[in-house]
Amino acid sequence: MAESIFGPFVEKLADCTIAAISRQFKYMFCYNKNVQNLRSKVQDLENKRNDVQSLVVGAKRNAFVIKSEVKAWLKKVDDLKKQADEVLNSTTNSEMRCLYLRCPNLKTRYLLSRNATKKITAIVELQEECKFGELGVRAPLELPSFHGFEALKTRISTKGDIINALEDKDISIVGICGLPGVGKTIMAKEVMTQVKGGLFDEVAMVVVSKDVDIIRIQDKLADMLGLKIDEKTNEIARAARLTERLTQDSKKRILVILDDVWTDINLETLGIPSLNRPEGLKILLTSRFEYVCKGMGAQRNIEVGVLPREEAFALFQEISTISNGDTQLMVIAKQVAEECKGLPLALEVVGKTLISSKLHEWRNALNQLQNSQHGDRVYSSIELSYNNLRSEEHRSLLLLCSLFPEDESIPIESLVRYARGLELFKYTETLLQTRDWTRTVSDNLKSCHLLLSGYREDEVKLHDVIRDFCLSIACKGTHRYMVKHDIRTDWPEHDNHESYGAISLTFQERILLPSRLQYENLKFLWVKPFWPRNTIDIPEEFFDYMQELRVIDFSRNQIRSPIRLPPGLRTLCLNDCTLEIRMSFFGSLKKLEILSFYCSSLSFDFFRDEMVELSNLRLLDLRFEKGPCPLPPGFLFCMKKLEELYLGYYNNISYEEKEHIIQEVSSLKALNTLQIDTDDTRFLTQLFQGCSEKLERFQITNSYIEVPVFTHIPRDLDIFELLMEQLERFRIIRHHLRHFRRELELLYIDPYMLLEPGIKSFMRRSDKFFLSVKGWNNPAIELVEDGFIDVKSPSLGHLDSEYLIDATGSIPSGILDNLEFLVLSSMHCLKAIHKGNLPRMEHVARGVSEPALFRNLKEIVLCECAKIKRMFSESVAKCMVNLQELLIMSCQSLEEVVSMDTQENEITEPLLFPKLKKFVLYNLMSFLSFRSQPNVVGLHQTLLNQVELPVMEDLKIAGLGCTEKLLSMEETSFGSLNRLRRMRVNHCDNLVNIAESNSIRLLRNLENLTVHSCRALNVIFDFEGLNVNKDNEEEMSILGQLQRLFLARNDYLVHITKMVPNGIRVFQNLNRLDVAYCSMLRYLFPASMINSFVALNSLHVSFCDEIEEIFGREEEGGGGGMASKIVFSKLMTIELIRLPGFKIFCSHNYEPVFPSLVQLKIEDCLEMTKFCSGQLNVPKLKE
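In my numbering, the protein residues as written are 39 to 1221.
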């Protein structure tokens, strides 16, 4: 009976015991197999990690924020690999022998084999976890801050009206109307700047323009909102995505700005809900026509009028830089300004034209304006500037820009290619000269305000009014332009024999080109589809009567039929095309100079032999959409005049093809520009040797996969803009047709590659290079030893080194002596910039010839270096006498910039950075201080401790988790921050104040202060303990230059100022004050300060639950005399929004007078029964 009961259990126990014992023996006797399996699994895991890292790299480069689970998985992999490597190293480092080395050490083999088996199991589990789907989410783009009308009173009033309308809970759509050139767009941008982060959580702005492109508008809105839309052409599905994004959080306040609307647009078509719109979603429209805004449902339309005479002349005088001293000129200048009729665009264009002009030129300008045939004064002013341009070449390039669709950002590279084909610049022989001249003329036109800056640095735009003027000139006379960008299918109807010189058309549907059109004088033809890769039908005889054609642009089309092109053609652009034809039609193009296939795809494998007849070609762009187009042998040999060659991504081609490329590129004697991207570094080095010295411009990269720069995309706008600016400077951007200078990017290369002569030459001559070298332990010294002693601007990333310079050994003479710009990114093992003793600056000051490290360094960018705690020692920091900008972000262990030298026990004097102008800190959770302070521990360090920054103008800090104090008079000299103008503090959770006691005096020239989302902040300026010498008039004025103060989302802020001494003057020049979402504030200022705000122009207080008064009861220690009448002479706008506890402006016995007040808005202030205790005196207040 017992056997029947316990038998199975005993049997099971025996099986388990045997299995366990067997497993233990396997650890000993399967040792080699387990170790080999571990090596194999580690390699598999590393391959998997590299695959994921490559995807992460691409996601980051496209502005995605990587998911936490992905980053956590990568960290687990790194940790596990380190543990596995320790096991594998133990197997090789240990002899594992016993008994006088005669037999293996069984215990060691057992332990290592067991660890190997466990690590194999962990690796398998980790590989199973690697199922992420989407790696990240796209971060919203941020719009730049904009300031244009701050000094114009009428514009301030208009802006206040617009913001009031947006704040009105019963209004969801607001319209801005006005004449062309009056400044509607500028006004919308100013409103955007003021409301973002305060009244609205998100702001998205997009230009609609006359030719409505739904897809483009949807794409721009999606980018601004951080939304990825997978649907490419389905407008309805795309609109649904946008609608979902705009309505998913009913509590989020979003403002959508639609600029330059010409006709009624169905908002639902764009993806902006019309029905069931969330309360927080509002739309701001700008249009020339009030009826358009009304038709789109605007509940309030606000007109931006012309400037009154006084403001118009003040603006004109500022632009034209004329002085009051020249009485005769001033008289004529006022007459010229009056002819502009108060239109800002006209004032700017004419004012720029007449800068430094003589009296007779002013009189001539006045005469032209007074006798202009245009009734429109804007057109008259533009005509004056147009006629006074330096040359016909300037006028021709400006008219050329008008061929582009309205509001399009125009790549200068496109203008270069068009201008070359049209022979616009008569005295330019080479393409390089044409390029330089195009950029020079573009800059001149921008300086005249006839061209604007585009969306990117190398792009320009035309104001829609100036474009209209250009078309009015170009569509008649000798130019004869035909420009239409809203054609359905058929060619525009007109006289078939009209002598057009340029035609630019955009078709909405399939393009059907007619036969035998007679354009005997046509030189420029641009035909593109509204939808990308739409089919274009081109009759074979289409060009038979267009023998003067010089430029053809068929970009974005799908071309299926053979083409017979005119033989005189000089520029042919087939960018972003699907080409389903062979290249046989090129044989007759003996004069062709520019041929571009940028981002196109081919349905065939190679070019025909006829291509070798293009002996006059100067630019060949082969940057195809998907990989290279293999070139037949000898293809480039005939192109003796070729100056610019863009090869694109060149990989997966045969050894023989690479040999042909190397030989043929080396034979091109006129070549001055080369672009290539390949992961075959050996191929690159061989290519370098044949052409490195003759290239003036190059973009050389060895991997199409981009290296990440920033893990966290900052939501703080100013920080974001700065980071993007830096990114453009030190990384190679490939995503659009752009101009480049000398750019080199070599990733994950072996050190010996740097010894190649060609690579050396390119690195020495690069304006921008990014370098990642395997196994570099001492990057700076290895750079010097490899011959790069003169390098000026290296960007280094993904190195395993712990120090940029390890000086524990000998240091090469002149190491990094010429370094000006340094970027270190994603160096996860980096502990410090340098290690060991380095030369001090004192040697240079005494005239000794010994060089000092970093003495020429101007800018430093340090990002995503997780282990670094301190950047520099004092001795090195003293050498940085030319440092101008310092940007540090996402270094989680960093505690200080400068550390004390170990041989020094005390700091005897502040550390001087005589040229540092900009200092930015972002996402540094362990950061304590710029420089460590002796005998002070941890959080009690002061941010700007023991450092002098006499020329610093910008200080931006965000995401500092440990900082409690920014300034201390005891550790900072009085002149340290003498030029500090702008200061922005965001998300510093331990900060208790901005300045206290005597340290407030350090901010005596501060003009703009923003404090946002600092949770522990209790007071902005704490005056307790301030020493005041009442006999010194200068000392009686505190914060006298502060013009704008913006405070938002500081949850525990109780005082803006605290314990202000009697008699001192504070905020005498404060122009604008904004306070929002500060729930603990009971009043803004004590009543004793009410006389200080003599310059206050605008006061905005909103969403502060506890606030009762603007000027509240006296503090202890306060006091001072009280006047019965207080005059706010410049205050024009007061807005008090959603202040549930607000009772009165000031409860004391004051009679406030507001002689300039034109707007008083009070909304949801339920406790208020009267505005002030005395009589309210507001003579100009609007009803």
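No residue lacks a Cβ here, since even glycine has one placed at the ideal position from N, Cα and C. None of these values were measured; they are calculated from a predicted model.
* Please go through the same chain and pick out, in chain order, the residues whose beta-carbon is closer than 6 Å to the beta-carbon of PRO316, but skip the five residues on each side of it. => THR285, SER288
* Could you say if the stretch 251-265 and the stretch 375-386 meet the contact criterion of at least three C-beta pairs nearer than 8 Å? => no
* **Beta-carbon proximity list for SER1014, same chain, < 6 Å, skipping 5 on both sides** => GLU986, LEU987
* To do: Quick one: grab the DSSP three-state call for ILE1032.
  => coil
* Are the CB atoms of CYS439 and ILE448 nearer to each other than 8 Å? -> yes
* Asked: In terms of alpha-carbon separation, which member of VAL108, GLY728, ASP575, PRO311 lies closest to ARG602?
  -> ASP575
* **Euclidean distance between Cα positions of MET262 and LEU1111** => 28 Å
* Taking only the alpha-carbon atoms, compute the straight-line gap between ARG505 and GLU444 and give it to the nearest angstrom. => 7 Å
* Closer than 7 Å by C-beta to GLN1213: which residues in its own chain qualify, once you throw out the five before and the five after it? Chain order, please. => GLU1189
* To do: Could you say which of LEU1195, LEU617, VAL212, ALA154 lies nearest to PHE662 if we only look at CA atoms?
  => LEU617
* **Close beta carbons around PHE778, own chain, < 7 Å, minus the five adjacent residues each side** => ARG735, GLN737
* **Nearest-angstrom Cβ-Cβ length linking SER937 and CYS901, presumed shorter than 8 Å** => Not quite, the Cβ-Cβ distance comes to about 20 Å (not below 8 Å), so this is no contact.
* **Pick from HIS487, LYS1218, THR716 that is closest to MET1170, judged by C-alpha positions** => LYS1218
* Three or more beta-carbon pairs under 8 Å between the stretch 1017-1032 and the stretch 982-1001, yes or no? -> yes
* Extent of the continuous beta strand (DSSP E) run through PRO567 -> 562-567
* **Given 8 Å, three or more beta-carbon pairs between the stretch 572-592 and the stretch 604-612** => yes
* **Classification of ALA870 by the beta-carbon crowding that lies within 10 angstroms, buried from 16 upward** => buried
* List the DSSP bridge partners of ALA540. => TYR519, PHE562
* To do: Evaluate contact between the stretch 320-333 and the stretch 199-216, counting only Cβ atoms and requiring at least three cross-stretch pairs below 8 Å.
  => yes
* Let me know if VAL387 comes out buried or exposed under the rule of 16 or more other beta-carbons within 10 Å of its beta-carbon. => buried
* **Pairwise C-alpha distance: GLY264 and HIS836** => 28 Å
* In terms of residues, what are the limits of the beta strand (DSSP E) holding LEU860? -> 859-863
* Residues near ASP249 in its chain [Cβ-Cβ closer than 8 Å; skip 5 each side] -> PRO443, GLU444, HIS523, ASP524, THR544
* Asked: Under 8 Å between the Cβ atoms of LEU1077 and PHE1123?
  -> no
* Integer-rounded CB distance, given that ILE700 should sit under 8 Å from LEU722 -> Incorrect: roughly 10 Å between the Cβ atoms, too far for contact.
* **Residues that PRO832 bridges to, as DSSP identifies them** => PHE807
* Secondary structure at TYR960, three-state DSSP: helix, strand or coil? -> strand
* Return the CA-CA distance between TYR684 and LEU658, expressed in angstroms with no decimal places. => 6 Å
* To do: Report the option in LEU924, GLU1062, LEU1029, VAL989 whose CA atom is closest to the CA atom of LEU1004.
  => LEU1029
* Residues near PHE910 in its chain [Cβ-Cβ closer than 6 Å; skip 5 each side] -> ILE871, VAL936
* **Integer Cβ distance of GLU912 from LEU949, believed to fall under 8 Å** => 7 Å
* Looking only at its own chain, which residues have a Cβ that is under 7 Å from the Cβ of LEU982, when we skip the five neighbours before and after it? -> PHE968, LEU1004, LEU1005, THR1010
* Asked: Secondary structure at ASP1060, three-state DSSP: helix, strand or coil?
  -> strand
* Asked: What is the DSSP secondary structure of LEU1204, counted as helix, strand or coil?
  -> coil
* Which residues in the same chain have their Cβ closer than 6 Å to the Cβ of ILE1128, if we skip the five residues on either side of it in sequence? -> PHE1149, ILE1164
* **Any alpha helix (DSSP H) of 4 or more consecutive residues that is wholly inside the stretch 421-505** => 430-439, 450-460, 469-485
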